[in-house]
Each structure stands twice: as structure tokens, then as C-alpha cells.
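Visitor:
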Amino acid sequence: MVYGIIELINFAHGDIFMLGSFTAISVVGVFGINNQQTFLTDPLAVVGVLLVAFPVTMLVTGLLGVVIERVAYRPLRNAPKLAPLISAIGVSYILQNIGEDWRGPSQISFPAIFQDNIYKFAIADGSVIIRSKSILLLIVSVTLMALLTLFVQRTKLGKAMRATASDPELARNCGIATDRVIDLAWALSGTLCGLAGVILVMNVTAFTDTTGSQFLIPIIAVAVLGGIGQPYGAMLGALVIGIVSEVAAAVINPDYKDVVAFVILVIVLLVRPQGILSEIATRKEVAA
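Residue 322 in this note's numbering is what sits at position 116 of the sequence shown, and the numbering runs on without skipping anything.
1) Candidates GLY210, LEU225, LEU288, SER419: which alpha carbon is nearest ASP307's?
2) Please report how far the alpha carbon of MET408 lies from the alpha carbon of LEU343, in whole angstroms.
3) Assign GLN436 to one of two classes, buried (16 or more other C-beta atoms within 10 Å of its C-beta) or exposed (fewer than that).
4) Let me check one thing: in DSSP terms, what residues is ARG378 bridge-paired to?
5) In three-state terms, what does DSSP make of VAL334?
6) Suppose you measure from the CA of LEU483 to the CA of GLY432; what does that come to, to the nearest Å?
7) Excluding the 5 residues preceding and the 5 following VAL430 in the sequence, name in chain order all residues of the same chain whose CB lies nearer than 7 Å to its CB.
8) Could you give the DSSP three-state label for ILE319: helix, strand or coil?
9) When you compare each of ASN323, GLY400, ILE329 to ILE336 by their alpha carbons, which one comes out closest?
10) Under the rule that 16 or more other beta-carbon atoms within 10 Å means buried, what is THR355, buried or exposed?
11) Per the DSSP calculation, PHE579 is bridged to which residue(s)?
12) Ordered along the chain, which non-local residues of its own chain (more than five positions away) have a Cβ less than 8 Å from that of ILE423?
13) Would the stretch 391-408 count as touching the stretch 258-270 if we require 3 or more Cβ pairs under 8 Å?
14) Apply the 10 Å Cβ neighbour rule to ALA285 and answer buried if 16 or more other Cβ atoms are within range, or exposed otherwise.
15) Quick one: what's got a C-beta closer than 7 Å to VAL492's C-beta in the same chain, skipping five residues either side?
16) Which word fits THR384, buried or exposed, when buried means at least 16 other C-beta atoms lie within 10 angstroms of its C-beta?
17) Using only the alpha-carbon positions, how far apart do TYR462 and ASP221 sit?
18) Whole angstroms is fine: what's the gap from SER298's alpha carbon to GLY403's?
19) If you draw a straight line from the C-alpha of PHE316 to the C-alpha of VAL410, how long is it?
20) Can you tell me the Cα-Cα spacing of ARG280 and GLY296, whole angstroms?
21) If I'm right that ALA259 touches ALA230 with Cβ under 8 Å, what's the distance once you round it to whole angstroms?
22) Do ILE345 and THR370 have their CB atoms nearer than 8 Å?
23) Does DSSP classify ILE482 as helix, strand or coil?
24) So, with DSSP's three-state summary, where would you put ILE215?
25) Would you please state the rounded distance, in angstroms, between the beta carbons of ALA199 and ALA294? I believe it to be under 8 Å.
26) When we look at the beta-carbon of CYS380 and count the other beta-carbons within 10 Å, is it buried (16 or more) or exposed?
27) When DSSP labels each residue in this structure, what does GLY220 get in the three-state scheme?
28) Around the C-beta of ALA440, are 16 or more other C-beta atoms found within 10 angstroms, so that it is buried, or is it exposed?
29) Just checking my contact of SER232 with LEU406 at CB under 8 Å: how many whole Å lie between their CB atoms?
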């Protein structure tokens, strides 16, 4: 989304959802929710805390996205592309240090408030294991993608974002406040990042200040594979890389999951650097 408007990759993306995860853990800690209080034993308390944790986290990361844009990107908007790239990497390190000072370098975890059921399906000579949390994650992801698409395609703000991404100068001449649109894109990106951080920390056993940055390469690989700036492309890229990585982990070695993401990224950059869905999106824009 951000790249589609300003054509710059946010290298602090993983660190934003790291801080989002820390925010969610802090909110849950304030209310005293622990591993003994699950959705089955105390549903009202758990739902109430989550109804607070999600909005607070999304608000914090949304505001953080706007601050990053105004401090690290906007002053360098007309500078050579290398300048904002270096600035973004610097922001990433700053956020990691903020996370370390906030929660410390040791691993932390989100209370196991939901029971994670495991479903096993026999296929040929092996089996496929699906976790209930993974099913929930898939449902949330598809729902958010549909809502984001409706927002971008149907609302006035969404159309303003598309116009700014297509031709910022023309959009400005037509009366669109492009700076506000860019702020909106960063705020929306940060908000979704915070939501992803909450969902992620609920699905992993341990989390540190560097966990977010570890997802940077897979995130870039997913975006490049699907087509940078294409929301559905990102989902398709995530699906492909996720399946290939899990198969590689099962067949070869779990330690090679990130290596697989690197390999896919290199292959895509060599064979189809514009991504899978970029040509389709371009044809639709021309037809419109």
C-alpha cells in the first residue's frame, strides 16, 4: 500500500508490528489476564480485554506509521532513492532499541487464552496437520483483504489514494490533498501492521525485539512475488511462499524455511521482477 503511493519500501514494517505485539502484551498484562484465564474458563474477561487490546494496538501503530512518514520519509521525498532507504533502515534499528528498552532482550509470550486444537488429515503415505489458530488466522486475513479492497475501490478516500498512486501531481492539481492521502496510507498500513502483530503474538510461543525484523525478508519476498503494491498479489505471494516453505521444512530441514524465501525472491527477481499480478492490474487500469 505504501509502496503503491510513494514507491518506497518501509523497511521498518516488521519492527512496527513488533511494537504492536508488545503493546498488546502490555494491555493484556494491565488487565491481569494470564494462562489460567482462557476463553473457556472466563470468556467475558478474555473478550473484554481483546476488545481493548486490538483498538489500542492499532491506534498506537497507526500513529507510529504517520510519525515515521513525517520524520523519516517526507523530508527526503525528493531526495535520491538511496537516502530514504538508509533512513528507513535507521528507523528499523531505532524501533528495535525502543522494543528492547521497553520489554528487555529476553523472550516474552502472550497468554495462551485460546485452546489450540490440532486436526490431522491422512494424505497418501503422510498426513497434514492444521491448527485451529491457523484456521482463525486465515479467516481474519481473508476478511481484512476483502474490507481493504472495498475501502480502496469504493470509498472516496480509497479513490483518492488510487489517484495519488497513479499520478501525484495530477491528483494535486485536481484538488486532492496528496500529503493527507499519504498520511492516511501510512496510518492504515500501521493499523493493519498492529493488527497483524496482535495475531502473530497470539500464534507464536515466544517473541523478542528482533522477531519483527526476522520477517522482513519473507515480507519482501511475498510482496515481490505477488507484485509490489498489489494487495491480492501479497496474499497470493504469502500463500505460495508459505506452502513451499512448509513443504521444504517437512522434506528437507525446518532451518531452511528462510532460505527458501530467499531463493524464491531471487528467482522472481530474475524471471519476473514485476510480480505475478502486476501485469493483470496494469491491464485493468488501462481498461478503466
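No residue lacks a Cβ here, since even glycine has one placed at the ideal position from N, Cα and C.
Note that the structure is predicted; figures quoted are calculated from it, not measured.
Guide: Quick look at the numbers:
1) LEU225
2) 10 Å
3) buried
4) None; ARG378 has no bridge partner.
5) It is a strand residue.
6) 6 Å
7) LEU471, VAL474, LEU475, GLY481
8) coil
9) ASN323
10) THR355 comes out exposed.
11) It is not possible to answer for residue 579, since the shown part of the chain is limited to 207 through 494.
12) ASP464, ALA467, PHE468, LEU471
13) yes
14) With fewer than 16 Cβ atoms within 10 Å of its Cβ, ALA285 is classed as exposed.
15) The predicted position of VAL492 is uncertain, since its pLDDT is 39 and thus under 50; a value taken from the coordinates is nonetheless stated next. The answer is none, since no qualifying residue turns up.
16) THR384 comes out buried.
17) 23 Å
18) 16 Å
19) 8 Å
20) 15 Å
21) 5 Å
22) Not a contact, by the Cβ cut-off of 8 Å.
23) Coil at ILE482, not helix or strand.
24) coil
25) Coverage of the chain is limited to positions 207 through 494, which leaves residue 199 absent and any answer about it impossible.
26) Of the residues assessed, CYS380 falls on the exposed side of the cut-off, its CB having fewer than 16 other CB atoms within 10 angstroms.
27) helix
28) buried
29) Going by Cβ atoms, the distance from SER232 to LEU406 rounds to 15 Å, so no, they are not a contact pair.
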